[in-house]
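Everything below concerns the one structure shown next.
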Amino acid sequence: METIVSLFYEAYITAASLFHWRRRNARFIVLLGGPGAGKGTLAATLAAKFGIPHLNMGSILRREITEQTDIGREWGPAIKAGKLIPDAVIHKLLRRELAKRAYDNGAVLDGIPRTADQAKRLRRMLASLGNRVEVAIELDVDRPDLLERLALRRTCTKSDCGRSYHLKFLPPRVENTCDICGSPLMQRDDERPESIITRMEEFARTFAPLRAFYVRIGLLKVVRSTNAMGPEKVFDEVLFALDEHDCDCD
Ligand code: AMP
């Protein structure tokens, strides 16, 4: 049965890629890990290296809040409190986002998927565009390290920049100022202690089935990351894992 489903899936992607020929070389890399695991920093570095965009669902949602859209007005308080937004809302935003020409060459996906249901939906959406997730990289970070990272994290106030910094491990060149766009930095509402606890609980509730999904379809690679390593070392480990995954697939 598994074999028939997977043959059907491959045939579907091949057929869809005839219609979406512009996207035939697209690479989609998924980053998984708890709040503060460093997905955003890693995604920005990988995106620059591979020349593909960084798709961050948290930034898309924060833009909805700033622009006071229906979604932003309805879900803004839950986001600030650190709660996950229902899958149906995320699926709608994701479908709209992935259809953009900006993703013709793929993307590094950060903060999406966060549930097994989102992962399945992402797989289907990409297949309908003739694409697939190449690999899901899990950043495995211990809880005390995560808490230290989140407490000292600062984020650019300009919503379409959204670059994040860490006062100890990745400080901005000029105090309280974004290196990229020069806007002031802030501590996000959902990075205050009460919201951090909620985000950790949401992660603990949803991560196991999400991870199991990527294990089952053979796409999960785990990279250990500690605060002592620093972002460059983590990046090297991730490149190594990507190479290893390419070899596994050959
Ligand atoms: P992030 O910037 O990735 O830490 O996301 C900030 C907040 O946006 C999260 O705490 C959730 O409230 C919401 N959010 C972002 N991505 C998702 C997602 N894939 N599913 C549900 N909620 C999300």
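Its first residue numbered 314, the sequence shown is counted upward by one per residue in our numbering.
Every residue gets a Cβ at the ideal spot worked out from N, C-alpha and C, and that includes glycine.
If we ignore side chains and look at the alpha-carbon of each, how far apart do V402 and R375 end up? 14 Å
Indicate the three-state DSSP secondary structure (helix, strand or coil) for H333 in the structure shown. coil
Taking only heavy atoms of the ligand AMP into account, decide whether any of them is closer than 8 Å to the Cβ of P348. yes
Express the C-alpha separation of D458 and T428 in angstroms, rounding to a whole number. 23 Å
As assigned by DSSP and simplified to three states, the class of V454: coil
My assumption, with CB atoms under 8 Å, is that V448 sits in contact with L368. Please give the rounded CB distance. In fact, because the Cβ distance is near 15 Å, the residues do not count as touching under 8 Å.
Environment of P522 [buried if 16+ CB atoms lie within 10 Å]: exposed
V446 beta carbon less than 9 Å from that of G349: no
Looking at the ligand AMP, does it come within less than 8 Å of A391, judged from the CB to the closest heavy atom? yes
How many whole angstroms separate the CB atoms of I373 and G389, which I take to be in contact at a CB cut-off of 8 Å? With a Cβ gap of about 13 Å, I373 and G389 do not count as contacting.
Report yes if the C-beta distance between V536 and L463 is below 9 Å; otherwise report no. no
Are I326 and G443 closer than 9 Å when you measure CB to CB? yes
Of the residues D400, L532, D549, which one's Cα is nearest the Cα of F341? L532
Closest by CA to E488, which one among C469, D502, P506? C469
Compute the distance between the beta-carbons of F548 and L411, then report whether it is under 9 Å. no
Using a Cβ-based criterion (distance less than 8 Å to any ligand heavy atom), does T379 qualify as near the ligand AMP? no
Can you check whether the C-beta of G475 is within less than 9 Å of a C-beta belonging to chain C? Note that chain C does not occur in the displayed structure, where there is just one protein chain.
Determine whether the beta carbon atoms of L344 and A361 lie at a separation below 9 Å. no
Simplified DSSP assignment, three categories, for C474: coil
Taking L442 as part of the beta strand (DSSP E), name the residues at either end of that continuous run. First-last for L442: undefined, no H or E at that position.
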